[in-house]
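Counting from 2, one number per residue, gives the positions in the sequence shown under my numbering.
For reference, the structure discussed in these notes is given below.
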Amino acid sequence: MRSAHAPTLAPRLQVLALVLLFTLAAASLCLAALGGCDVSKAEASGAALERPAPEIRVLIAARTDQVRIEATLPPMLGGNPVGGAVRLALPDVPISVTLGPSGWYIGNQTFPRGTLTLTPAEEGSLRIDNKAYRGLLRLVPRETDPRRFDVVNDVDLESYLMGVLPSELPIWFDPVTYEAQAVVARTYALWEMKTAGHSRGHFDVYADDSSQVYGGMNAENDKGRSGVRNTRGQVVVHDTTAGPRIFKAYFHSTSGGATLGVESAFNEPASLSLSAQSLEGLSSSSKFNTWDPIVISKEEMTRRVKAWGERRGHSIRRINKVHRLEIVATNQFGRPTRFEVEDTRGNRYSLIPEEMRWALNTGLKPGDSRIHSGWFKPINNDTNIVLSEGRGWGHGVGMCQFSADAMARQGRDHVEIVTASYPGTSVVRAY
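Structural data, given as structure tokens:
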């Protein structure tokens, strides 16, 4: 029997106790150790010690030269150019925000150059490009272009997840699937915050599938909000020599029957928690569980893989003309782990499945079919190559969302779904 509100967490890992756990600052120090926090019981009773959720910085617009804002209540404007917080009077219609070499233009008001912050008077009262966001908005000038700027949403992690779950899952998915996704998305976000976020400077994660899709308040629904609330602070961890640690909890839409190990998809170190698994039959409700053959002329395939190679600095940019595409290695479940492209001069180029998918989806023209995954069987003809027996949607690593939903409908709770999706793991409280 499943319980959406009171899952049974691993008995010895009920609470993720951070070093010097009594302050959020200490929690940040602990998580900063490459996705890790020591795990122990914070209280003899095993009850979790509530702490505020950490703040995440989400890049919602990059290198833009204009946004439009509107507010039902005047927001607070702050930042170095203002010298303090002031109430920003706005008309009843959307107005443009632009940046020039000398400073900001907000409607007919001007402010010196520098980072600006906009804080809504109430949640949902401020909209930017017709979208409302929880938390505050930061307008950050780009150093390399005097007229372009980034827009960053600074928001607590739990509120951020409310805008992620409905953007990542279909509305008809089971509520327990939303809970499982909340645990996984929270773990992934924390990992990004404490690793890639340091090198990104003024933001932690992207708002698209470069990280995980985030739609702000416009995207929220009741299932998403409940999924976040019912799993507050819960993350998935695996055992390491230094103790239980969070990890980069990859997830994807449709496995097609088997997942792919992280080492095969991304050339990252092999990990039990991100290893290949058989999920035969669990993702069958997805329309992308299997997909129709796609025919690509050899001339067109050459153009695409050369363009991808140029962008990525891959040696395939020097390919002459595609002659053959072959699978040269598969995992134990028959999912491809390595492709080889041979040109008409006999040169051969080796690509992992995700590289193959990215390459074949580079420079698509209107009407071209998108390659949904790196799981297909190539059939080589004189002038074209047929991608047959296509299966799955996405990179295939970690939790398969359609398989998670099938498990939820079988009666498994979100902890069982998460730990089944990531072998050798436990679900614990981070805050």
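All C-beta atoms in this analysis are idealised placements derived from N, C-alpha and C, irrespective of residue type, glycine included.
Note that the structure is predicted; figures quoted are calculated from it, not measured.
Quiz prompt | alpha helix (DSSP H) runs contained entirely in the region 284–338, provided each spans 4 or more residues | solution = 299–313
Practice problem: Classify residue 411 as helix, strand or coil using the three-state DSSP reduction. | Solution: coil
Quiz item: Alpha carbon to alpha carbon, what distance is there between residue 335 and residue 411?
Solution: 26 Å
Quiz item: When you compare only the Cα positions, how much space is there between residue 42 and residue 420?
Solution: Residue placement at residue 42 is flagged as unreliable, the pLDDT there being 27, under the threshold of 50; a coordinate-derived value is accordingly withheld.
Quiz item: Are at least three pairs of beta-carbons, each pair with one atom in the region 248–257 and one in the region 268–285, less than 8 Å apart?
Solution: yes
Practice problem: Measure the beta-carbon distance from residue 72 to residue 126 and round it to whole angstroms, keeping in mind my assumption that it falls under 8 Å. | Solution: 6 Å
Quiz prompt | Residue interval of the alpha helix (DSSP H) (run including residue 200) | solution = 197–201
Quiz item: Touching or not, the region 203–212 and the region 51–58, by the rule of three or more beta carbon pairs under 8 Å?
Solution: yes
Self-check item: Beta-carbon proximity list for residue 112, same chain, < 6 Å, skipping 5 on both sides
Solution: 82, 104 and 105
Exercise. Compare the C-alpha of residue 97 against each of 131, 79, 116 and 121 and name the closest.
Key: 131
Exercise. Check each candidate in 142, 187 and 147 and name the one with the smallest Cα separation from residue 162.
Key: 187
Practice problem: Give the DSSP-derived three-state secondary structure of residue 42 in the structure shown. | Solution: Low confidence applies here, because residue 42 scores a pLDDT of 27, under 50, leaving its location unreliable; read the following figure in that light. Of the three classes helix, strand and coil, the one that applies to residue 42 here is coil, per DSSP.
Quiz prompt | Collapsed DSSP secondary structure at residue 241 in the structure displayed | solution = strand
Quiz item: Under three-state DSSP, which class holds residue 22?
Solution: Unreliable positioning characterises residue 22 in this predicted model, as indicated by a pLDDT of 30, which lies under 50. A coordinate reading is not provided.
Quiz item: Using a Cβ-Cβ cut-off of 6 Å (strictly less than) and excluding sequence neighbours within five positions of residue 393, which residues of its own chain qualify?
Solution: 255, 256, 257, 374 and 376
Self-check item: Residues near residue 11 in its chain [Cβ-Cβ closer than 6 Å; skip 5 each side]
Solution: Its pLDDT being 47, under 50, residue 11 is placed unreliably by the model, and nothing is read from it.
Self-check item: Assigned secondary structure, residue 91 (DSSP; H/G/I helix, E/B strand, else coil)
Solution: coil
Practice problem: Rounded to whole angstroms, what's the CA-CA distance from residue 176 to residue 324? Just pull it up for me. | Solution: 48 Å
Quiz item: Which residue or residues does DSSP assign as beta-bridge partners of residue 113?
Solution: 104
Exercise. Identify which residue in 133, 241, 149 and 129 has its Cα closest to the Cα of residue 114.
Key: 149
Quiz item: Measuring CA to CA, which of 343, 54 and 222 is closest to residue 386?
Solution: 343
Self-check item: Cβ-Cβ separation, residue 415 to residue 181 (assumed contact under 8 Å), whole Å
Solution: 4 Å
Quiz prompt | Range of the contiguous beta strand (DSSP E) that encloses residue 142 | solution = 137–142
Practice problem: Mind the definition here: the region 304–320 touches the region 398–411 only if three or more C-beta pairs lie below 8 Å; say whether that holds. | Solution: no
Practice problem: Enumerate in chain order the residues of its own chain whose CB-to-CB distance from residue 357 is below 7 Å, with the five nearest sequence positions on each side excluded. | Solution: 340 and 375
Quiz item: Using the rule of at least 16 other Cβ atoms within 10 Å of the residue's Cβ for burial, across every protein chain shown, is residue 425 buried or exposed?
Solution: exposed
Quiz item: Just the Cα atoms here: how many angstroms apart are residue 25 and residue 235?
Solution: For residue 25, the pLDDT reaches just 33, beneath the cut-off of 50, and the residue's location in the model is therefore unreliable, leaving the point undetermined.
Quiz item: With distances taken between CB atoms, is the gap from residue 191 to residue 179 smaller than 8 Å?
Solution: no
Quiz item: Run through DSSP, which three-state label would residue 259 get?
Solution: strand
Exercise. Spell out the partners DSSP gives residue 394 in its beta bridges.
Key: 255
Quiz item: Which residue from 233, 232 and 267 puts its Cα closest to that of residue 249?
Solution: 267
Exercise. Pull up the distance between the alpha-carbon of residue 142 and that of residue 67, whole angstroms please.
Key: 12 Å
Practice problem: Could you name the residues of the same chain whose beta carbon sits closer than 6 Å to that of residue 327, not counting the 5 residues immediately before and after it, in chain order? | Solution: 341
Quiz prompt | Residue range of the beta strand (DSSP E) that includes residue 280 | solution = Note, residue 280: premise wrong, no beta strand (DSSP E); not H, not E.
Quiz item: Relative to the C-alpha of residue 146, which residue among 100, 423 and 107 is closest?
Solution: 100
Quiz item: Expressed to the nearest angstrom, what Euclidean distance is found between the alpha-carbon atoms of residue 288 and residue 413?
Solution: 23 Å
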